[in-house]
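Q: Chains as they are written, first to last, in our numbering: chain A, 3 to 114; chain B, 4 to 115. Glycine is no exception: its CB is placed at the ideal position from the N, C-alpha and C atoms. All values reported here derive from a predicted model rather than from experimental measurement.
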Amino acid sequence: DTAVSQTPKYLVTQMGNDKSIKCEQNLGHDTMYWYKQDSKKFLKIMFSYNNKELIINETVPNRFSPKSPDKAHLNLHINSLELGDSAVYFCASSPDVSQPQHFGDGTRLSIL
Amino acid sequence: RKEVEQDPGPFNVPEGATVAFNCTYSNSASQSFFWYRQDCRKEPKLLMSVYSSGNEDGRFTAQLNRASQYISLLIRDSKLSDSATYLCVMTPFSGGYNKLIFGAGTRLAVHP
């Protein structure tokens, strides 16, 4: 009965590869988010979707492309991975744009 | 200047101690404030919202001072299980969208 689930939990890959991280929530929430937590532990928002529509797009390289096929899913595709992309990526969801967010347990991405 | 600043700690306290963390923010138009808790290698979890009138949840008390632009978290009767990183979080004035801005966190270690 996981609320916000991300796959994979760990991802180790080489520089230059393309990879995707998937996120699904079974809470019936309208809004979903992607955050990045780097090695200094700073959590920063990357994207947010409300009812499949992009509402927040922070200054993120366009190698990162989110996709929301329906409001229960928000996937993150990353092209041409770089060393600096190594981080923990957290997905989150909230009932709407003004409610507290529930986080998934993160995807640890390591670039070799 | 960072939007949200916290003392990284660590705060090392014995069980039963009272400990307080402060956090300052730079955007005077910030709308909402929260404390999140993050255990090592886990996702952030909402601990409590912070209101101008101050609010309490069991052993935890949160305060907001808009004039001085800081929020605080007081933990009474510390337990070993309180050991974690405490994240100060706010939402800026951004058209109502729930973009969480995180501080880097304050580490608390409670010892026997």
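1. Please go through the same chain and pick out, in chain order, the residues whose beta-carbon is closer than 8 angstroms to the beta-carbon of residue 34 of chain B, but skip the five residues on each side of it.
2. For residue 102 of chain B, I'd like the list of residues in its chain whose CB is within less than 7 angstroms of its CB, leaving aside the five on either flank, ordered along the chain.
3. Would you kindly report the start and end of the unbroken beta strand (DSSP E) that includes residue 107 of chain A?
4. Check each candidate in A:39, A:67 and A:113 and name the one with the smallest Cα separation from residue 107 of chain A.
5. Mind the definition here: the stretch 76-94 of chain A touches the stretch 33-51 of chain A only if three or more C-beta pairs lie below 8 angstroms; say whether that holds.
6. Quick one: Cα of residue 27 of chain A to Cα of residue 5 of chain A, how far?
7. Is the Cβ-Cβ distance between residue 12 of chain B and residue 110 of chain B less than 8 angstroms?
8. Quick check: what's the CA-CA separation for residue 66 of chain A versus residue 25 of chain A?
9. Which residues bound the beta strand (DSSP E) around residue 33 of chain B?
10. Using only the alpha-carbon positions, how far apart do residue 72 of chain B and residue 64 of chain B sit?
11. Should residue 75 of chain B and residue 25 of chain B be called a contact, given that it needs their Cβ atoms to be closer than 8 angstroms?
12. For the 8 angstroms Cβ check, are there 3 or more pairs between the stretch 83-91 of chain B and the stretch 5-24 of chain A?
13. Give every residue of the same chain whose Cβ lies closer than 7 angstroms to the Cβ of residue 103 of chain A, excluding the five residues on either side of it in the sequence, and list them in chain order.
14. Give, in chain order, every unbroken run of the beta strand (DSSP E) that is at least 3 residues long and sits entirely within the stretch 60-115 of chain B.
15. Using a C-beta to C-beta distance shorter than 8 angstroms, which residues of chain B count as neighbours of residue 105 of chain A?
16. Please list, in chain order, the chain B residues whose beta carbon lies closer than 7 angstroms to that of residue 108 of chain A.
17. Quick one: which chain B residues come within Cβ less than 9 angstroms of residue 92 of chain A?
18. How far does the beta strand (DSSP E) with residue 42 of chain A in it extend, from its first residue to its last?
19. Could you tell me how far apart the beta carbons of residue 82 of chain A and residue 14 of chain A are, in whole angstroms, since I believe they sit closer than 8 angstroms?
20. Would DSSP call residue 85 of chain A helix, strand or coil?
A: Checking against the coordinates, here is how it stands:
1. 93, 94, 95 and 96
2. 94 and 95
3. Element bounds for residue 107 of chain A: n/a, residue is neither H nor E.
4. A:39
5. yes
6. 6 angstroms
7. yes
8. 15 angstroms
9. It is not in any beta strand (DSSP E) - residue 33 of chain B carries neither H nor E in the DSSP assignment.
10. 17 angstroms
11. yes
12. no
13. 35, 94, 95 and 96
14. 63-68, 73-78, 87-94 and 109-114
15. 46, 47 and 48
16. 46
17. 46 and 47
18. It is not in any beta strand (DSSP E) - residue 42 of chain A carries neither H nor E in the DSSP assignment.
19. Actually they are not in contact, since the Cβ atoms of residue 82 of chain A and residue 14 of chain A sit about 17 angstroms apart, beyond 8 angstroms.
20. helix
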